[in-house]
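Numbering of the sequence shown is given in our numbering, commencing with residue 1 and proceeding in unit increments.
In this text, a Cβ means the ideal position worked out from N, Cα and C, and glycines have one as well.
Fair warning: this is a prediction, and the values are worked out from it, not measured in the lab.
Down below is the structure, laid out as C-alpha cells.
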Amino acid sequence: MEVVHTIPELRAAVARARQAHQTVGLVPTMGCLHEGHLALIRQAKAEAGFVVVSVFVNPTQFGPQEDFAKYPRTLAADVAGSSAAGADLVFAPATEDFYAAGASTWVEETRVTQGLCGEFRPGHFRGVTTVVAMLFNAVQPDLAVFGRKDLQQLAALRRMTRDLLFPVRIVVHETVREPNGVALSSRNRYLSPTDFTKATAIPAALAVARALVDGGERDAGRVRAAAVARLAAEPALRPQYCEVVDALDLTPVNQVTPGRTILAVACHLGTTRLIDNADLG
Ligand code: PAF
Numbered sequence: 001m002e003v004v005h006t007i008p009e010l011r012a013a014v015a016r017a018r019q020a021h022q023t024v025g026l027v028p029t030m031g032c033l034h035e036g037h038l039a040l041i042r043q044a045k046a047e048a049g050f051v052v053v054s055v056f057v058n059p060t061q062f063g064p065q066e067d068f069a070k071y072p073r074t075l076a077a078d079v080a081g082s083s084a085a086g087a088d089l090v091f092a093p094a095t096e097d098f099y100a101a102g103a104s105t106w107v108e109e110t111r112v113t114q115g116l117c118g119e120f121r122p123g124h125f126r127g128v129t130t131v132v133a134m135l136f137n138a139v140q141p142d143l144a145v146f147g148r149k150d151l152q153q154l155a156a157l158r159r160m161t162r163d164l165l166f167p168v169r170i171v172v173h174e175t176v177r178e179p180n181g182v183a184l185s186s187r188n189r190y191l192s193p194t195d196f197t198k199a200t201a202i203p204a205a206l207a208v209a210r211a212l213v214d215g216g217e218r219d220a221g222r223v224r225a226a227a228v229a230r231l232a233a234e235p236a237l238r239p240q241y242c243e244v245v246d247a248l249d250l251t252p253v254n255q256v257t258p259g260r261t262i263l264a265v266a267c268h269l270g271t272t273r274l275i276d277n278a279d280l281g
C-alpha cells in the first residue's frame with residue numbers, strides 16, 4: 001500500500017489504477033482509525049478495485065472552542081490499519097498542500113444541516129461538505145463510503161452529491177458498536193473507563209425508543225420523552241438534543257412512521273461530545 005501526501009502524487013496513483021481499469025473507492029477520514037473506519041475500508045474494498053483512504057484532520061469543520069488542536073493524530077497506526085483492511089493508498093496531505101493559501105470558496109448545504117448538530121456547531125457542516133467536495137475533486141472516486149453514525153453529515157453529503165452532480169455513489173455502512181453498545185468514535189478515547197460505562201445510557205435510550213415503537217407507539221412526543229428519561233437516569237450525561245426526526249430531511253416529526261423516522265441524540269459526557277441515532281421501526 002502506498003502513502004502519498006500531495007495532490008499530484010494522489011492523482012498519479014489514481015490515474016494508474018484507472019489505466020488498469022480499476023474502479024476507485026474513497027473512504028474519507030480524519031485518522032485515529034478504529035474498527036468502525038476499518039469496516040468502511042473493507043466495505044469500499046468489497047465494492048471497488050482501488051481504495052483510497054484520506055487521513056486529514058480538517059481545520060474548517062472545527063469551531064473555535066472545539067478540539068482541533070488536541071484531536072488525536074496517529075498516522076503510523078492509521079497507515080497500518082488501512083493496509084490491513086485492504087486499502088491501496090493513503091492520502092495524508094498537510095493542510096497547506098490541500099487548502100489553497102487564502103482559500104475563500106465554500107460548499108454549503110442549507111437544509112438538512114439546520115437542526116440537530118447544525119444548531120450547536122455553526123460552520124461545522126460547511127467545513128465537512130467543503131472538504132469532501134475537495135476530496136471528490138482530487139480523487140474522482142466512483143464511490144465513497146460513510147458511516148451511519150454521523151447521520152446529519154451523511155444527509156448533507158448525499159444532498160451535496162446530488163445537488164452538485166458529483167458522479168459518486170454514496171455507500172452507507174451501519175454504525176459499528178462496542179460490545180457494550182456504545183457507538184465507535186475516535187472521541188471515545190477521551191472517555192475514562194467509568195465514563196465509557198456511563199455512555200451506555202445513550203444506546204439504552206435508543207433501545208427504549210425502539211422498543212416503544214416496536215410495541216405500537218406512534219406518538220413522537222411520547223417516544224422522545226421515554227428516551228429523554230432514560231438519558232436523565234445517567235446524571236453524568238448532559239444531553240444537547242434528543243429528537244425524533246424524519247429520515248430524509250431530518251426535521252422533527254409528531255408521528256413516527258416506522259422505517260422513515262429516526263431518533264437522534266447528542267450528549268456531553270465530561271468534555272467529550274457523543275452522538276448516536278437509531279431507525280425507529
Ligand atoms: O467523518 C469524518 O471523519 C469527517 O467529517 C470527514 C467526512 C472525513 C470530513 O473531514
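Nearest-angstrom Cα distance between Gly127 and Gly49?
As a working note, residue 127 is residue 127 in the sequence shown. As a working note, residue 49 is residue 49 in the sequence shown. Computed Cα separation, rounded: 29 Å.
Give the residues whose C-beta lies closer than 6 Å to at least one heavy atom of ligand 1, in chain order.
With the cut-off at 6 Å, the residues found are Pro28, Thr29, Met30, Asn58, Gln61, Val128, Val131, Val132, Asp150, Gln153.
I need the straight-line Cα distance from Glu217 to Gln152, nearest angstrom please.
Residue mapping note: residue 217 aligns to position 217 of the sequence shown, counting from 1. Residue mapping note: residue 152 aligns to position 152 of the sequence shown, counting from 1. Rounded to whole angstroms, Glu217 to Gln152 spans 25 Å at the Cα level.
Take the Cβ of His268 as the centre, count every other Cβ of all protein chains shown within 10 Å, and call the residue buried at 16 or more, exposed below.
Taking the sequence shown and counting its residues from 1, one reaches residue 268 at position 268. Flag for His268 reads exposed.
Given that a residue counts as buried once 16 or more other Cβ atoms are within 10 Å of its Cβ, and exposed if not, what is Ser104?
Residue numbering aside, residue 104 sits at position 104 when the sequence shown is read from its first letter. It is exposed - the Cβ of Ser104 has fewer than 16 other Cβ atoms within 10 Å.
Take the Cβ of Gln43 as the centre, count every other Cβ of all protein chains shown within 10 Å, and call the residue buried at 16 or more, exposed below.
Position 43 of the sequence shown, counting from 1, holds the residue named residue 43. Per the 10 Å Cβ criterion, buried.
Apart from the five residues just before and just after Ala205, which ones in its own chain have a Cβ nearer than 6 Å to its Cβ?
Against the sequence shown, residue 205 aligns to sequence position 205. Counting only Cβ-Cβ distances below 6 Å, and skipping sequence neighbours, we find Ala227, Arg230, Leu231.
Which residue spans inside the stretch 154–238 form an unbroken alpha helix (DSSP H) run of at least 4?
Fully enclosed alpha helix (DSSP H) runs of 4 or longer: 193–198, 201–214, 220–232.
Indicate whether Phe120 and Pro93 have their beta-carbon atoms separated by less than 8 Å.
As a working note, residue 120 is residue 120 in the sequence shown. As a working note, residue 93 is residue 93 in the sequence shown. Contact: no.
May I ask you to report which of helix, strand or coil DSSP gives Leu151?
For the purposes of this step, residue 151 is identified with residue 151 of the sequence shown, where counting begins at 1. Of the three classes helix, strand and coil, the one that applies to Leu151 here is helix, per DSSP.
Taking only runs of the beta strand (DSSP E) that begin and end inside the stretch 11–46, which ones reach a length of at least 3 residues, in chain order?
Complete beta strand (DSSP E) runs here, min 3: 24–29.
Is the number of C-beta pairs between the stretch 136–155 and the stretch 175–188 that are closer than 8 Å three or more?
Yes, the stretch 136–155 touches the stretch 175–188.
In three-state DSSP terms, what is His124?
Here the question's residue 124 lines up with position 124 in the sequence shown. Looking at His124 - three-state DSSP - the assignment turns out to be helix.
From the DSSP output, read off the bridge partner residues of Tyr99.
Sequence index remark: in the sequence shown, residue 99 carries index 99 (1-based). Paired residue(s): none; Tyr99 is not in a bridge.
Which residue's Cα is closest to the Cα of Ala233: Gln22, Ile202, Ala84?
For the purposes of this step, residue 233 is taken as the residue at position 233 of the sequence shown. Residue Ile202 is the option with its Cα nearest to Ala233.
CA-CA distance, Gly281 and Ala209?
Here the question's residue 281 lines up with position 281 in the sequence shown. Here the question's residue 209 lines up with position 209 in the sequence shown. So the two alpha carbons sit approximately 10 Å from each other.
Which stretch, first to last residue, makes up the beta strand (DSSP E) that contains Asp276?
Locating residue 276 in the sequence shown gives position 276, counting from the first residue. It spans 272–280 - the beta strand (DSSP E) in which Asp276 sits, taken as one unbroken run.
Is it buried or exposed for Gly36, if we count other Cβ within 10 angstroms and need 16 for buried?
The sequence position of residue 36 within the sequence shown is 36, counting from 1. By the neighbour-count rule (16 or more Cβ atoms within 10 Å), Gly36 is buried.
Tell me whether the beta-carbon of Ser186 lies closer than 8 Å to the beta-carbon of Pro59.
Here residue 186 refers to the residue found at position 186 of the sequence shown. Here residue 59 refers to the residue found at position 59 of the sequence shown. No, Cβ-Cβ distance for Ser186 and Pro59 is not below 8 Å.
Identify the residues that DSSP records as bridge partners of Tyr241: which are they?
Here the question's residue 241 lines up with position 241 in the sequence shown. Its beta-bridge partners are Ala266.
Between which residues of its own chain and Val253 is the CB-CB distance below 8 Å, once the five residues before and five after are set aside?
The residue you call residue 253 lines up with position 253 of the sequence shown. Cβ within range, chain order: Ala220, Val244, Val245, Asp246, Thr261.
Does DSSP put Ser82 in a helix, in a strand, or in coil?
Locating residue 82 in the sequence shown gives position 82, where the first residue counts as 1. The answer is helix: DSSP assigns Ser82 an H, G or I state.
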